[in-house]
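Colleague: In order, the protein sequences belong to chains A and B.
If you use the numbering used here, the first sequence corresponds to residues 11 to 316, in order.
If you use the numbering used here, the second sequence corresponds to residues 5 to 791, in order.
We put the CB at the ideal spot given by N, CA and C, even for glycine.
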Amino acid sequence: MYAPDFAYYRADSVAEIGRLLRKHPGAKLLAGGHSLIPLLKLRLAAPPALIDIGRIGELKGISVADGRLRIGALTTHAQIAASSEVAAHAPALAAAAGVIGDPAVRNRGTIGGNVAHADPASDLPTVLLALGASFAVATDDGERAIPAGGFFQDMMTTALGEHDIVTAVDVPTAPEGQGQAYEKFSHPASRYAVIGAAAAVGLTGGKVGRVVVTLGGLVPAAIRAGSVEQALSGQAPSADAIADAAAAVSNDLGPDLIGDIYASAEYRRAMAPVCVKRALTAALKRASSVAEAPAARSPWWKPSWL
Amino acid sequence: MNTVPVLPKLIGRRIKRREDPRLVRGRATYVDDVKIHGLRHLAFKRSDVAHGRIRSVDTRAAAAVDGVEAVLTGAEIAGFLGPMPIGTPFPSPDHHAVAVDTVRFVGEPVAVVVARDRYAARDAADAVVVDYEPLPAVVDPEQAMTGQPAVLHADYPTNVALGPLSRGTGIRRRQPVDDTAVDEAFAAADMVISQRIVNQRLAPNSIEPRGVVAHYEGGKDELTIWSSTQNPHILRTFVARMIGLGQDRVRAIAPEVGGGFGAKINIYGEEYVAAALSKRLDMPLKWIEDRSEAFLATVHGRDLIGYVDLAARRDGSVLGLKLRIVADIGAYNMLLTAGIPTNSMTMAGGSYAFPAVRVTLTEVFTNKTPTDAYRGAGRPEATYFVERAMDMLAREIDMDPAELRRKNFIRPDRFPYRTPLGAVYDSGDYEKTLDRALETAGWAQLRTERAAARAAGRVVGLGLSMYVESCGLGPSAMVSPGGWEHSQVTVERDGRISATTGASPHGQGNETTFAQMLADQFGVPIDHVTIRHGDTAVVKQGIGTFGSRSQAVGGTALHNAGIKVKAKMARFAAFLLEAHEEDLVFENGTIAVQGAPSSARPFAEVAAYAYKPVKRPEDLDPGLSDEAFFEPLNNTYPFGCQIAMIEVDRGTGEARLLKMVAVNDAGHLINPLIVEGQIHGGLAQGIGQALIEEVVYDRDGQPLTGSFMDYALPRAADFPRFELDHTVTPTPVNPLGAKGVGEAGTIGSPPCIVAAAVDALSPFGVRHIDMMLRPEKLWRLMQGEPS
Numbered sequence: 011m012y013a014p015d016f017a018y019y020r021a022d023s024v025a026e027i028g029r030l031l032r033k034h035p036g037a038k039l040l041a042g043g044h045s046l047i048p049l050l051k052l053r054l055a056a057p058p059a060l061i062d063i064g065r066i067g068e069l070k071g072i073s074v075a076d077g078r079l080r081i082g083a084l085t086t087h088a089q090i091a092a093s094s095e096v097a098a099h100a101p102a103l104a105a106a107a108g109v110i111g112d113p114a115v116r117n118r119g120t121i122g123g124n125v126a127h128a129d130p131a132s133d134l135p136t137v138l139l140a141l142g143a144s145f146a147v148a149t150d151d152g153e154r155a156i157p158a159g160g161f162f163q164d165m166m167t168t169a170l171g172e173h174d175i176v177t178a179v180d181v182p183t184a185p186e187g188q189g190q191a192y193e194k195f196s197h198p199a200s201r202y203a204v205i206g207a208a209a210a211v212g213l214t215g216g217k218v219g220r221v222v223v224t225l226g227g228l229v230p231a232a233i234r235a236g237s238v239e240q241a242l243s244g245q246a247p248s249a250d251a252i253a254d255a256a257a258a259v260s261n262d263l264g265p266d267l268i269g270d271i272y273a274s275a276e277y278r279r280a281m282a283p284v285c286v287k288r289a290l291t292a293a294l295k296r297a298s299s300v301a302e303a304p305a306a307r308s309p310w311w312k313p314s315w316l
Numbered sequence: 005m006n007t008v009p010v011l012p013k014l015i016g017r018r019i020k021r022r023e024d025p026r027l028v029r030g031r032a033t034y035v036d037d038v039k040i041h042g043l044r045h046l047a048f049k050r051s052d053v054a055h056g057r058i059r060s061v062d063t064r065a066a067a068a069v070d071g072v073e074a075v076l077t078g079a080e081i082a083g084f085l086g087p088m089p090i091g092t093p094f095p096s097p098d099h100h101a102v103a104v105d106t107v108r109f110v111g112e113p114v115a116v117v118v119a120r121d122r123y124a125a126r127d128a129a130d131a132v133v134v135d136y137e138p139l140p141a142v143v144d145p146e147q148a149m150t151g152q153p154a155v156l157h158a159d160y161p162t163n164v165a166l167g168p169l170s171r172g173t174g175i176r177r178r179q180p181v182d183d184t185a186v187d188e189a190f191a192a193a194d195m196v197i198s199q200r201i202v203n204q205r206l207a208p209n210s211i212e213p214r215g216v217v218a219h220y221e222g223g224k225d226e227l228t229i230w231s232s233t234q235n236p237h238i239l240r241t242f243v244a245r246m247i248g249l250g251q252d253r254v255r256a257i258a259p260e261v262g263g264g265f266g267a268k269i270n271i272y273g274e275e276y277v278a279a280a281l282s283k284r285l286d287m288p289l290k291w292i293e294d295r296s297e298a299f300l301a302t303v304h305g306r307d308l309i310g311y312v313d314l315a316a317r318r319d320g321s322v323l324g325l326k327l328r329i330v331a332d333i334g335a336y337n338m339l340l341t342a343g344i345p346t347n348s349m350t351m352a353g354g355s356y357a358f359p360a361v362r363v364t365l366t367e368v369f370t371n372k373t374p375t376d377a378y379r380g381a382g383r384p385e386a387t388y389f390v391e392r393a394m395d396m397l398a399r400e401i402d403m404d405p406a407e408l409r410r411k412n413f414i415r416p417d418r419f420p421y422r423t424p425l426g427a428v429y430d431s432g433d434y435e436k437t438l439d440r441a442l443e444t445a446g447w448a449q450l451r452t453e454r455a456a457a458r459a460a461g462r463v464v465g466l467g468l469s470m471y472v473e474s475c476g477l478g479p480s481a482m483v484s485p486g487g488w489e490h491s492q493v494t495v496e497r498d499g500r501i502s503a504t505t506g507a508s509p510h511g512q513g514n515e516t517t518f519a520q521m522l523a524d525q526f527g528v529p530i531d532h533v534t535i536r537h538g539d540t541a542v543v544k545q546g547i548g549t550f551g552s553r554s555q556a557v558g559g560t561a562l563h564n565a566g567i568k569v570k571a572k573m574a575r576f577a578a579f580l581l582e583a584h585e586e587d588l589v590f591e592n593g594t595i596a597v598q599g600a601p602s603s604a605r606p607f608a609e610v611a612a613y614a615y616k617p618v619k620r621p622e623d624l625d626p627g628l629s630d631e632a633f634f635e636p637l638n639n640t641y642p643f644g645c646q647i648a649m650i651e652v653d654r655g656t657g658e659a660r661l662l663k664m665v666a667v668n669d670a671g672h673l674i675n676p677l678i679v680e681g682q683i684h685g686g687l688a689q690g691i692g693q694a695l696i697e698e699v700v701y702d703r704d705g706q707p708l709t710g711s712f713m714d715y716a717l718p719r720a721a722d723f724p725r726f727e728l729d730h731t732v733t734p735t736p737v738n739p740l741g742a743k744g745v746g747e748a749g750t751i752g753s754p755p756c757i758v759a760a761a762v763d764a765l766s767p768f769g770v771r772h773i774d775m776m777l778r779p780e781k782l783w784r785l786m787q788g789e790p791s
């Protein structure tokens with residue numbers, strides 16, 4: 011497990027990352043390293059240079075303002091999982107961050123690195139798509155925001171340009187009454203998601219209001235389950251309605267699903283409604299409880315799932 | 005002398021491992037920590053095809069890589085290093101450390117690079133260009149037995165490496181096989197349970213991969229070889245022979261070894277190449293296996309197909325067992341490869357007094373990594389076959405699986421029990437252990453819970469299985485390098501005790517258990533005892549640690565050496581105290597006349613006197629050091645019972661272990677804490693086999709589980725708290741009464757887990773499931789698909 015030769019640079023600011031990227035074509039950014047370094051050691055990647063961005067303070071940290079949660083690109087999965095702000099305003103994100111890999115991975119891996127790497131079996135893209143997140147990106151010309159829906163394009167392929175840098179992830183704070191959940195069917199070896207299903211559901215007057223359901227692990231990039239959303243929207247949240255809506259996920263899956271020796275494509279297709287149903291059930295449970303007793307909403311220091 | 009603190013007896017106490025502080029703090033020295041001036045690094049170019057003839061090996065680009073000092077092909081290596089020896093008495097095709105004209109598995113070495121650092125070495129290995137003429141890959145062992153789709157070794161035209169061998173009732177050496185008893189048993193039966201059962205291929209995966217440093221010093225014509233090995237003395241024997249040095253000129257060192265699990269018994273090609281090249285180039289060389297290589301180039305375990313037929317009466321009396329085993333041994337015979345499945349033959353009858361037994365074994369070459377010993381080494385497979393069959397019988401006749409076992413056990417009054425398969429079980433009381441397990445688990449309560457869970461729509465099952473295994477190897481007739489162990493005990497001049505053991509522990513905790521024994525034996529504090537191992541220059545002779553033998557055999561050698569030294573020390577003390585030796589007591593750091601505590605002399609004072617005996621007893625030479633070899637007359641046969649409760653997710657098929665109970669009988673326990681640690685690790689690996697571990701090859705012989713992305717290892721968080729208990733049935737085979745426990749958990753747990761899963765899925769008509777219990781497999785069974 012010995013990486014091929016590469017040059018190493020360390021950037022101390024976002025501006026410097028851009029300069030180094032322009033100077034060293036083909037260079038890769040090194041953040042937590044938990045995807046990049048295995049690729050190097052397996053010699054599946056051989057970039058001429060690594061630019062270590064791991065010490066840039068401006069890329070770290072979590073804040074809440076103007077109805078959105080801003081998470082710096084270098085914030086680790088462990089920090090997100092432990093954050094009371096994330097737990098209060100994007101509980102499905104906190105849940106997903108807490109089941110990534112194992113503690114060592116969570117302590118080093120970063121949200122920016124995760125989304126830029128865009129592994130189809132990764133947990134965060136599925137959740138970020140469900141929560142309507144967008145990515146703050148520094149480009150050659152300044153800054154732009156890319157919504158999650160347009161960011162993940164294909165297997166390990168994103169909308170990022172050659173010199174683009176994800177600087178932060180912006181997640182809208184959960185509206186009053188919305189319930190969120192992330193359901194993961196974990197691979198016992200990689201601990202990636204065989205299937206991940208995220209749901210964000212609102213209740214209005216005892217009926218399902220706005221609902222977003224997403225899936226990861228099935229196709230090259232996380233997808234929205236539009237048929238499920240449509241089937242459930244406006245329904246009373248009964249077990250039957252949830253099951254019927256979950257079954258509609260088959261309409262959202264194309265002919266070709268990912269399959270491997272652990273879980274065939276056919277099996278994954280059958281598991282999709284199972285995971286969607288579980289995610290919806292858990293999300294609706296939280297949604298109802300919030301809607302019925304809004305006064306009991308958890309204070310910021312006490313995550314709603316406690 | 006009342007101020008002398010009373011030292012408690014330590015044998016049988018839960019003392020924390022003395023090894024752990026250095027290990028958990030990262031202060032231990034492993035092979036890769038060995039640094040020598042002028043050290044060069046090796047890297048191997050490995051085959052990426054499963055089967056192919058080597059047309060050419062082009063090393064020019066590799067030789068041009070900066071920092072590379074030599075690149076050698078298999079043909080060049082074969083010029084000074086012959087085919088590798090094996091440790092079993094069976095025929096075997098030539099196996100070169102580096103392939104000469106044909107590659108037979110993905111990962112087989114084709115060329116070796118010597119370079120200034122390991123990065124350059126790896127770059128150069130990647131730059132070696134090999135042109136192969138592809139040959140069909142032999143992947144299915146049963147198809148391979150027809151010589152299709154290809155032949156691996158010309159002298160083995162049906163790919164059959166060994167067999168068919170037969171053992172059992174009516175088979176005697178040099179006499180024709182008499183099938184009468186077996187045929188009669190099956191004719192008299194009310195029913196026959198028949199099942200094809202696969203015990204799948206596993207990768208051992210020690211945390212520390214293999215590694216070697218070879219340092220030949222031309223000025224002395226001596227070689228020192230550090231290796232991550234379970235048996236440095238055997239390594240020395242083989243390396244010395246292979247590179248043409250006397251054993252007196254080779255020093256083998258096993259520094260800290262980060263797990264072996266049987267895979268580090270082998271002497272591997274990389275070790276021979278490092279030693280031979282070090283001698284040839286007169287420079288120190290290091291090779292450290294990386295994880296990707298470990299999946300390919302370190303032996304695999306298991307991979308047996310068993311065709312089981314169990315003949316029984318409706319009341320549960322088993323009349324006969326037939327078992328036909330096909331062993332997929334991979335591409336070559338390694339050190340013990342051929343012998344491992346023969347262990348499965350010997351132990352096939354389990355803990356039962358079956359009147360008639362027939363076991364047949366065929367070993368087959370395929371284009372896969374060779375198999376060899378892996379924790380349990382043949383006994384897990386045997387246990388799995390017989391226990392699966394018993395479980396199926398219990399289900400067939402609707403009998404409690406515990407009661408079926410009870411009905412067929414070998415009774416306690418029949419020990420020592422000679423089995424039809426050639427073993428003599430030393431001692432046993434299986435019913436006692438079964439009853440303890442039923443009690444510990446709350447068997448009746450669990451059945452009630454299962455019923456309640458099922459009524460609530462949950463998919464829950466209970467499994468129970470027994471095991472008996474053979475360990476404490478063993479008489480020399482049964483162990484190729486010799487079935488003994490060696491120890492030297494020295495009371496130093498200051499009264500401290502140094503002891504060596506030829507058993508080379510690598511996780512078994514013998515530095516602690518052996519120190520407990522000597523502390524008790526000499527009546528000194530445990531802190532005054534040091535156990536040394538793993539260096540042939542320090543430990544005069546030895547065999548090594550495998551087959552759960554270190555305590556039973558190595559411990560006895562230590563015990564016996566201690567007896568000799570203590571007897572001599574008693575003579576010195578008797579002279580000083582003007583007493584009879586037989587009246588002396590060694591306790592609390594003193595030696596005193598029994599019943600006269602005021603006579604006590606400090607232990608250290610007597611030790612000092614023994615090294616400067618100015619007035620010396622007649623016929624008594626100075627010094628306090630002696631050694632012992634110990635060879636038991638038989639193996640030991642520990643046994644146990646395991647009970648598991650499993651829930652299968654109705655939606656996904658994921659199996660979750662709810663409860664795991666293991667009651668083991670390993671005879672006398674020196675340190676129950678260490679025993680439990682060994683059981684925990686064993687259970688983890690056994691449950692891992694049942695639930696999540698499997699080496700998979702595709703039809704072209706390409707491994708699909710080449711990393712931890714696809715090959716799962718169990719983690720602590722995957723398990724419930726293990727509930728353990730012990731019964732104690734001492735062995736008469738050694739004076740300690742200790743049987744051995746290192747493999748027990750691995751041997752016992754797979755059939756227990758599978759029985760629980762089958763029980764869970766029995767409402768869906770399931771009677772057997774092959775491991776690993778992949779969720780998709782269980783889900784499909786719940787969908788009504790045939791198993």
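Would you tell me roughly how many angstroms separate the C-alpha atoms of Ile674/B and Gly559/B, rounded to the nearest one?
Modeller: Going from the Cα of Ile674/B to the Cα of Gly559/B covers about 10 Å.
Colleague: If you reduce the DSSP assignment to three classes, tell me which class Gly432/B lands in.
Modeller: coil
Colleague: Which value, in whole angstroms, describes the spacing of the CA atoms of Asn337/B and Ala54/B?
Modeller: 16 Å
Colleague: For Phe94/B, which beta-bridge partners are listed by DSSP?
Modeller: Its beta-bridge partners do not exist; DSSP assigns none.
Colleague: Suppose contacts are defined by Cβ-Cβ distances below 8 Å. Is Val745/B in contact with Val679/B by that definition?
Modeller: yes
Colleague: By alpha-carbon positions, which one of Asn639/B, Glu651/B, Thr373/B and Ala360/B ends up nearest to Ala457/B?
Modeller: Glu651/B
Colleague: Comparing C-alpha positions only, which one of Pro145/B, Ala360/B, Phe369/B and Ser321/B sits nearest to Lys411/B?
Modeller: The residue among Pro145/B, Ala360/B, Phe369/B and Ser321/B with its C-alpha nearest the C-alpha of Lys411/B is Ser321/B.
Colleague: Let me know if Gly752/B comes out buried or exposed under the rule of 16 or more other beta-carbons within 10 Å of its beta-carbon.
Modeller: Buried, by the Cβ-count rule.
Colleague: Should Ile156/A go down as buried or exposed, given a rule of 16 or more other Cβ atoms within 10 Å for buried?
Modeller: buried
Colleague: When we look at the beta-carbon of Thr184/B and count the other beta-carbons within 10 Å, is it buried (16 or more) or exposed?
Modeller: exposed
Colleague: With C-beta atoms as the reference, is Leu340/B less than 8 Å away from Gly548/B?
Modeller: no
Colleague: Taking the alpha helix (DSSP H) that Arg454/B belongs to, which residues open and close that run?
Modeller: Annotation for Arg454/B: the continuous alpha helix (DSSP H) segment containing it runs Trp447 to Ala459.
Colleague: Pull out every residue of the stretch 678-702 of chain B whose Cβ sits closer than 7 Å to any Cβ of chain A, in chain order.
Modeller: Answer in chain order: Ile696 and Val700.
Colleague: I need the straight-line Cα distance from Val134/B to Leu54/A, nearest angstrom please.
Modeller: 20 Å
Colleague: In the DSSP output, what is Gly305/B paired with across the bridge?
Modeller: Leu206/B
Colleague: Determine whether the beta carbon atoms of Ser554/B and Pro509/B lie at a separation below 8 Å.
Modeller: One thing to note: Ser554/B has its Cβ within 8 Å of the Cβ of Pro509/B.
Colleague: What does Asp127/B touch in chain A if you count any residue whose Cβ is under 9 Å from its own?
Modeller: Tyr12, Pro14 and Asp15
Colleague: I'd like the ranges of any beta strand (DSSP E) spanning at least 3 consecutive residues and lying wholly in the stretch 604-631 of chain B.
Modeller: Runs of the beta strand (DSSP E) lying entirely within the stretch 604-631 of chain B, each at least 3 residues long, are absent.
Colleague: Short of 7 Å in beta carbon distance, which residues of its chain neighbour Ala278/B, apart from the five on each side in sequence? Order them along the chain.
Modeller: Leu46, Val216, Ala218, Leu289 and Trp291
Colleague: Assuming Arg118/A and His44/A are in contact, meaning their beta carbons sit under 8 Å apart, how far apart are those beta carbons, in whole angstroms?
Modeller: 5 Å
Colleague: Examine chain A for any beta-carbon lying closer than 8 Å to the beta-carbon of Phe768/B, and answer yes or no.
Modeller: no
Colleague: If you measure from the beta carbon of Ser45/A to each beta carbon in chain B, is any gap under 8 Å?
Modeller: no
Colleague: Is the stretch 294-308 of chain B touching the stretch 194-214 of chain B in the sense that three or more CB pairs, one from each, lie closer than 8 Å?
Modeller: yes
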